[in-house]
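Data block below; observations after.
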Amino acid sequence: MLLSRQQGFHVARTVTQHDHWFITRELTLSAFKLRDQGTLLGFLWTLLQPLAMLSVLYWLFRKQVGGTAEHFALYVLIGIVLWTFFAAGTAKGLTSLVARGDLIDSVTFPRELIVVSSVFTIVFSSVLEFGVVLLFAIGSGAGVAWVWLGLPFLLLIESILVVGTSLALAPLYVHARDLDNIWNILMRIGFFTTPVFYYPERFLSPADHAIYMLNPVTQIMTYARQMLLHHRLPSLTAMAGTLTLSLLVLGLGFLIFRYLAADIAEHI
Amino acid sequence: MMPEPLVEVSHLTKEFRVASARPRSLFNQLRRTLWLGGPRRRFRALSDVTFWLEEGESLGLVGNNGAGKSTLLRILSGIYRPTSGSCRVRGRLTPVLELGVGMSLDLSVRENVFLYGAMIGFRREPLQQHFDEIIAFAGLEDFVEARVRELSTGMRQRLTFAINAQLDSDLLLIDDILAVGDRTFREKAYGVFYQRRRERKSLILASHDLDAVGELCDRSLLLDHGEQRAFGPTPEVLELYTSGDGAKSVGAAPGR
Chain Z
1 MLLSRQQGFH
11 VARTVTQHDH
21 WFITRELTLS
31 AFKLRDQGTL
41 LGFLWTLLQP
51 LAMLSVLYWL
61 FRKQVGGTAE
71 HFALYVLIGI
81 VLWTFFAAGT
91 AKGLTSLVAR
101 GDLIDSVTFP
111 RELIVVSSVF
121 TIVFSSVLEF
131 GVVLLFAIGS
141 GAGVAWVWLG
151 LPFLLLIESI
161 LVVGTSLALA
171 PLYVHARDLD
181 NIWNILMRIG
191 FFTTPVFYYP
201 ERFLSPADHA
211 IYMLNPVTQI
221 MTYARQMLLH
231 HRLPSLTAMA
241 GTLTLSLLVL
251 GLGFLIFRYL
261 AADIAEHI
Chain L
1 MMPEPLVEVS
11 HLTKEFRVAS
21 ARPRSLFNQL
31 RRTLWLGGPR
41 RRFRALSDVT
51 FWLEEGESLG
61 LVGNNGAGKS
71 TLLRILSGIY
81 RPTSGSCRVR
91 GRLTPVLELG
101 VGMSLDLSVR
111 ENVFLYGAMI
121 GFRREPLQQH
131 FDEIIAFAGL
141 EDFVEARVRE
151 LSTGMRQRLT
161 FAINAQLDSD
171 LLLIDDILAV
181 GDRTFREKAY
191 GVFYQRRRER
201 KSLILASHDL
211 DAVGELCDRS
221 LLLDHGEQRA
231 FGPTPEVLEL
241 YTSGDGAKSV
251 GAAPGR
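Heads up: the sequence lines are chains Z and L, in that order. Going by my numbering, the first sequence opens with residue 1, and the numbers climb by one from there. Going by my numbering, the second sequence opens with residue 1, and the numbers climb by one from there.
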């Protein structure tokens, strides 16, 4: 029995036991089928964007930034894939509720699942993209190492971060329809203040670098590069810290969602 | 002691904020949050509504357009929150508020049965078990692999109704969806309602089809511009409604 009491009214209702996993699966699968008809060609299209960006960034910066660094192309590709995961995932999550306004006004399953399933389509394609990163690493002679087994854990942390951020953004977007523009600008700034294609430790003072490293996406990128480029397991304490931060974002996102989503059907 | 009613609504009021002409931008929202935007206009869609429904009984919701029937059904479903008052629903409810909505047009009928079924509360196995019945009820045997986009509006509505009709629930909420269907579809839909009535499963039916309300519903609630005009045995409420004398109220059933 769901019982919520707030000032002035009181609602009690036996909640239909929705199969949350079944709904999420169906919504994610259908979005995925719709986006690229579930075909290989569709997947190749999604790959084209990071590869095109890689070509441009590599070509522009291979001398000045890459310099003597080993595997600069792989370094940049890891950056692009992990950054795109965050930027594309949150952008998709942000518009998810408004995009499915038809559902919000007519069916009653938990609205969180709309956000989660739309983010999952990006999680799914990011995992596939990361598979390409691995192929690229092997192909470019960076070698294979057992620490790669830690990579799924990094993708999990980033997924938690993306879901948490999206849960906060999606209901805010219902109330403030210019949030997509604002978020777009923030993501542009984020692209340049995250080490996607440069080495921040080369020009930032230690104090500035410490602040720079507060960004959880930067932290995840750094761990992934340690694993893929240097075959080193990052500090477990540091990774636990990033996980905690992501879980905090998820918790906060969930609270914001719960607070704002209660009367969402009236504003969609 | 009398058993607890299936639905109990007491002094329910619902107000909506009237959307302002200003765009819903972050700046305007902040201004409003800080009370700099002046008073907001509010519209009262339901005012002090009180009724109940015993298990196994059915309720008719009648009243002209704009009376508040759909708002009431959305509050019962949990889509809207009441502004004040209380609303209790015991048991599982299936709201059928709009037909043909919520499907993905570019997916097949088969895929949509699973997608839509999941969203309205089906689990996977029962949905697989009922799949053939759903398709047969909707009359879409030859269209299982067709994209929903290729179906006519009527076919889409039949499909969503068929999925909802197969879901086992204690209370079915129907929002005037039968006005849209053709005769065959309406006969099938009424077949479902009469079947539920024989099984003593409850139904709340918002409809302009007063004959159907008269036949299906034990009690009725007459709303007029959000005000409760009458609640009581269906024949008395309908008589009041059709006589146009909505101002007088029918006494509540004895014992309450």
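We treat Cβ as the ideally placed atom computed from N, Cα and C, and that holds for glycine.
- In terms of Cα proximity to glutamine 219(Z), the closest of Ile182(Z), Gln64(Z) and Ile157(Z) is Ile157(Z).
- Between serine 47(L) and chain Z, the shortest Cβ-Cβ separation is not below 9 Å.
- Taken atom to atom, the span from the alpha-carbon of cysteine 87(L) to that of phenylalanine 22(Z) is near 29 Å.
- In the structure shown, the three-state DSSP call for isoleucine 204(L) is strand.
- Taking 4 residues as the shortest admissible run, the region 125–186 of chain Z contains the following complete alpha helix (DSSP H) segments, listed from N- to C-terminal end: 151–175.
- Against glutamate 201(Z), chain L offers no close residue; the least beta-carbon distance is about 36 Å (beta-carbon pairs closer than 9 Å).
- For tyrosine 80(L), the residues of chain Z that pass the 9 Å Cβ criterion are Asp263, Ala265 and Glu266, in the order they occur in the chain.
- Under the 9 Å criterion on CB atoms, leucine 27(Z) is classed as interfacial with respect to chain L.
- Secondary structure at glutamate 150(L): helix, using DSSP grouped into helix, strand and coil.
- Contact annotation for serine 104(L) against chain Z: Ser30 and Leu34 [CB-CB distance below 8 Å, chain order].
- Under the 10 Å beta carbon count, glutamate 129(Z) is surrounded by 16 or more other beta carbons and is classified as buried.
- In summary, the residues of the region 147–181 of chain Z whose CB is separated from some CB of chain L by less than 9 Å are Leu172, Val174, His175, Ala176, Arg177, Asp178 and Leu179, in the order they occur in the chain.
- Per DSSP, the beta-bridge partners of valine 9(L) are Phe51(L) and Cys87(L).
- Chain-order list of chain Z residues neighbouring glycine 232(L): empty, with the shortest C-beta distance near 24 Å, by a criterion of under 9 Å.
- Annotation for phenylalanine 61(Z): the continuous alpha helix (DSSP H) segment containing it runs 40–61.
- In the three-state reduction of the DSSP assignment, leucine 99(L) falls in the coil class, being assigned neither a helical nor a strand state.
- Under DSSP, the beta-bridge partners assigned to serine 58(L) are Leu203(L).
- The shortest CA-to-CA distance from arginine 41(L) to any of Asp170(L), Glu15(L) and Asn28(L) is the one to Glu15(L).
- Membership of glutamate 236(L) in the alpha helix (DSSP H) is indicated by the continuous run 234–242.
- When secondary structure is reduced to three states using DSSP, arginine 42(L) falls in the strand class.
- If the five residues before and after tyrosine 223(Z) are omitted, its C-beta is found closer than 7 Å to the C-beta atoms of Leu154, Pro234 and Met239, all from its own chain and listed in chain order.
- Classified as buried, tyrosine 173(Z) has 16 or more neighbouring CB atoms from the shown chains inside 10 Å of its CB.
- Secondary structure note for leucine 229(Z): its alpha helix (DSSP H) is the uninterrupted segment 216–229.
- For the region 120–149 of chain Z, the beta-carbon criterion of a distance under 9 Å to any beta-carbon of chain L is satisfied by none of its residues.
- At a cut-off of 9 Å between C-beta atoms, glutamate 111(L) counts as an interface residue with respect to chain Z.
- DSSP places phenylalanine 197(Z) outside both helix and strand once states are collapsed to three, so it counts as coil.
- Note on proline 82(L): 16 or more other CB atoms within 10 angstroms of its CB, so buried under the neighbour-count rule.
- Closest by C-alpha distance to tryptophan 45(Z), out of Phe191(Z), Ser125(Z) and Ser140(Z), is Ser125(Z).
- Residues of the region 88–103 of chain L with a C-beta less than 8 Å from any C-beta of chain Z: Arg88, Val89, Arg90, Gly91, Arg92, Leu93, Thr94, Pro95, Leu97, Glu98, Val101 and Gly102, listed in chain order.
- Look at alanine 230(L) here: in three-state DSSP terms it is strand.
- Residue pairing from DSSP places arginine 17(L) in a beta bridge opposite Arg42(L).
- The beta carbon of valine 18(L) sits closer than 8 Å to the beta carbons of Arg40, Arg41, Arg42 and Phe43 from its chain, once the five residues preceding and following it are set aside; these are given in chain order.
- Look at aspartate 224(L) here: in three-state DSSP terms it is strand.
- Spanning the alpha carbons of glycine 78(L) and aspartate 208(Z) requires a straight line of approximately 49 Å.
- Under the Cβ criterion of 9 Å, glutamine 29(L) is counted among the residues facing chain Z.
- By the Cβ neighbour-count rule, glutamate 111(L) is buried, with 16 or more other Cβ atoms within 10 Å of its own.
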